[in-house]
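Structure record follows, encoded as structure tokens.
There are 2 protein chains.
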Amino acid sequence: MSRLRFQISVSLDGFVAGPNPSEEDPLGEGGEQLHEWVVKLEVWRRSHGREGGETNASSAVLEEALDSIGATVMGRNMFGGGPGPWGEEPWNGWWGDEPPFHTPVFVLTHHEREPLEMEGGTTFTFVTDGIESALAQAREAAGGKDVSLGGGADVARQYLAAGLLDELQLNVVPILLGDGTRLFENIAGVDLEQAEVIEAPGVTHLRYRVAA
Amino acid sequence: MSRLRFQISVSLDGFVAGPNPSEEDPLGEGGEQLHEWVVKLEVWRRSHGREGGETNASSAVLEEALDSIGATVMGRNMFGGGPGPWGEEPWNGWWGDEPPFHTPVFVLTHHEREPLEMEGGTTFTFVTDGIESALAQAREAAGGKDVSLGGGADVARQYLAAGLLDELQLNVVPILLGDGTRLFENIAGVDLEQAEVIEAPGVTHLRYRVAA
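Chains as they are written, first to last, in the numbering used here: chain A, 438 to 649; chain B, 438 to 649.
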């Protein structure tokens, strides 16, 4: 069964981005620290076309995800380029010519747009008819593999509240951001079960199953 | 060196109590679930004068704390009885004649009061000259053992912001309360290091050292 999985890096005080995000600093003040654990990994660097890096207890967590994900769903904000219609020279994502997904990606938006084929196996398909449609299309495209929910936090909350998420993985980073974008806001009544806990340098991976 | 340690049960969305707390429901709606992992433990029941209970991976965490704590500091709200002067028939705490601390307890308050000696080794001393004084008195009373910060969340934030806390342990319970009292609010710039992660039934214990 193809599962919908969401993993995100979060500060110990529950923020997925720091305060005052900007185009130069999309993760807000201090937010870059949320990703220090991953950008230093060899497996992450390889999937992003970079050399070097280290191997530690987080590597297996990331490798398992890379191997088992067949498609991705993400929100318009995560894809980037600002709100509203796409315009004459539309934004093609944060990731350059060869995005690190290497699978079909379904972008939730209110504005129609033709599919965008990138190098390395990533195709962005723009979905305007809602989160259930995006998930159905991603499941179909994933060919039996899992679907990754790419974020952001608002889209994750929508899938969680709708009972469509199967697995939640928090990468808890030992920092306090004090302010910013919270992962969880006003969501209750979701039945979670602990699935796995992995301690790694500078991060703890907490994996939960979402009960049906 | 006697350390100041704070441990608290927190929902996955960062709440230490649910919404709408009342005298009948001091932990707010759903807040009781935060403590289900502990009240079923044999070691907890024994320290509270009760029989029965189970032993699991959380037991050693709790036993280590019970063995190493020589004194406790807590806020007035944690001690209870409402705000303001103590009155003619003052509140003697939530815990009956034999509180489960079995050590000296220092209660932060703005209102002077004579020390209160209970059964089983617990003495409540009321401290009106601030958090540093309460900690110094507790360290003296602890006789080389550690000092436990008993809460609530507001007092913990004061000690954390003042750089006086040495260890932070979050008992993360896999529930989403959606609303209530947050553990962390507007605290940043605290340097934390992962110390230990322990997975147990219905809870994950995350222990952090606070860098000096």
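For glycine and all other residues, C-beta sits at the position ideal for the given N, C-alpha and C.
Worksheet item: Tell me which same chain residues have a C-beta within less than 7 Å of the C-beta of GLU466/B, skipping the five on either side of it?
Response: GLY455, PRO456 and ASN457
Practice prompt. Would you please verify whether the beta carbon of TYR596/B is less than 7 Å from any beta carbon of chain A?
Written response: no
Worksheet entry | The beta strand (DSSP E) enclosing VAL447/A, as first and last residue numbers | Under the DSSP assignment, VAL447/A falls in the beta strand (DSSP E) whose first and last residues are 441-448.
Worksheet item: In angstroms, rounded to a whole number, what distance separates the CA positions of LEU605/A and ARG644/A?
Response: 6 Å
Discussion item. Since VAL544/B and VAL564/B should fall inside the 8 Å C-beta cutoff, what is the C-beta to C-beta distance between them, to a whole number of angstroms?
Written reply: 7 Å
Discussion item. Quick check on GLY589/B: does DSSP put it in helix, strand or coil?
Written reply: coil
Worksheet entry | Backbone CA spacing between ALA598/A and GLY589/B [nearest angstrom] | 30 Å
Discussion item. If the cut-off is 8 Å on Cβ atoms, which residues from the stretch 586-617 of chain B count as contacting chain A, listed in chain order?
Written reply: Of all residues in the stretch 586-617 of chain B, LEU607, VAL609, PRO611, ILE612, LEU613, LEU614, GLY615 and ASP616 have a Cβ within less than 8 Å of some Cβ in chain A.
Worksheet item: When the Cα atoms are used, what is the spatial distance from LEU586/B to LEU449/B?
Response: Whole-angstrom Cα-Cα distance: 21 Å.
Item to complete: Report the rounded CA-to-CA distance for ARG594/A versus GLU622/A, giving the unit in angstroms.
Response: 8 Å
Worksheet item: If you measure from the beta carbon of GLY465/A to each beta carbon in chain B, is any gap under 7 Å?
Response: no
Item to complete: State yes or no: is the beta carbon of ASN457/A nearer than 7 Å to at least one beta carbon in chain B?
Response: No, because no Cβ of chain B sits closer than 7 Å to the Cβ of ASN457/A.
Practice prompt. Pull up the DSSP beta-bridge partners for ASN608/A, would you.
Written response: SER446/A and HIS642/A
Discussion item. Is THR641/A a contact residue of the ligand NAD, with contact defined as CB to any heavy atom under 6 Å?
Written reply: What this structure holds is no ligand at all, so the ligand NAD is not there to describe.
Discussion item. Can you give me the C-alpha to C-alpha distance between ILE568/B and THR546/B, rounded to a whole angstrom?
Written reply: 10 Å
Item to complete: Name, please, each residue of chain A whose Cβ falls closer than 8 Å to the Cβ of ILE445/B.
Response: Here the premise fails: no neighbours, minimum Cβ distance about 12 Å.
Practice prompt. Compare the C-beta of LEU499/A against all C-beta atoms of chain B and say whether one is closer than 7 Å.
Written response: It does not; no Cβ of chain B falls within 7 Å.
Discussion item. Short of 7 Å Cβ to Cβ, which residues in the stretch 621-636 of chain A face chain B?
Written reply: Of all residues in the stretch 621-636 of chain A, PHE621, ASN623, ILE624, ALA625, VAL627, LEU629, GLU630, GLN631, VAL634 and GLU636 have a Cβ within less than 7 Å of some Cβ in chain B.
Worksheet item: Ends of the alpha helix (DSSP H) at VAL622/B?
Response: The sequence shown places Glu at residue 622/B, not Val. First-last for GLU622/B: undefined, no H or E at that position.
Worksheet item: Does ASP462/B have its Cβ less than 7 Å from a Cβ in chain A?
Response: no
Worksheet item: Could you check where the beta strand (DSSP E) with MET511/B kicks off and where it finishes?
Response: First-last of the beta strand (DSSP E) with MET511/B: 506-512.
Worksheet item: What first and last residue would you give for the alpha helix (DSSP H) that runs through GLN574/A?
Response: 568-579
Practice prompt. Taking ALA573/B as the reference, give the member of ASP462/B, PRO541/B, GLU554/B and PRO463/B with the closest Cα.
Written response: PRO541/B
Worksheet item: Checking contacts by CB at 7 Å: is GLY451/B closer than that to chain A?
Response: yes
Item to complete: Report yes if the CB atom of THR492/A is closer than 7 Å to the CB atom of GLU500/A, and no otherwise.
Response: no
Worksheet entry | N-terminal and C-terminal residue of the alpha helix (DSSP H) that GLU473/A is part of | It spans 473-476 - the alpha helix (DSSP H) in which GLU473/A sits, taken as one unbroken run.
Worksheet item: Do you know offhand how far VAL510/B's Cα is from ALA575/B's?
Response: So the two alpha carbons sit approximately 7 Å from each other.
Worksheet item: List, in order along the chain, the chain A residues whose C-beta lies closer than 8 Å to that of THR641/B?
Response: GLN631, VAL634 and LEU643
Worksheet item: Which of the three DSSP states, helix, strand or coil, is assigned to ALA599/A?
Response: coil
Fill in: Where ASP616/A falls, given that 16 or more other Cβ within 10 Å makes a residue buried
buried
Fill in: Three-way DSSP call (helix, strand, coil) for LEU614/A in this model
coil
Practice prompt. Tell me where the beta strand (DSSP E) around GLU479/B begins and ends.
Written response: Note, GLU479/B: premise wrong, no beta strand (DSSP E); alpha helix (DSSP H) at 479-484.
Item to complete: Indicate the three-state DSSP secondary structure (helix, strand or coil) for PHE516/A in the structure shown.
Response: helix
Item to complete: Could you tell me the boundaries of the beta strand (DSSP E) in which PHE563/A lies?
Response: 560-564
Worksheet item: Using DSSP with H/G/I as helix, E/B as strand and the rest coil, what is ALA497/A?
Response: helix
Practice prompt. Express the C-alpha separation of GLN631/A and ARG440/A in angstroms, rounding to a whole number.
Written response: 16 Å
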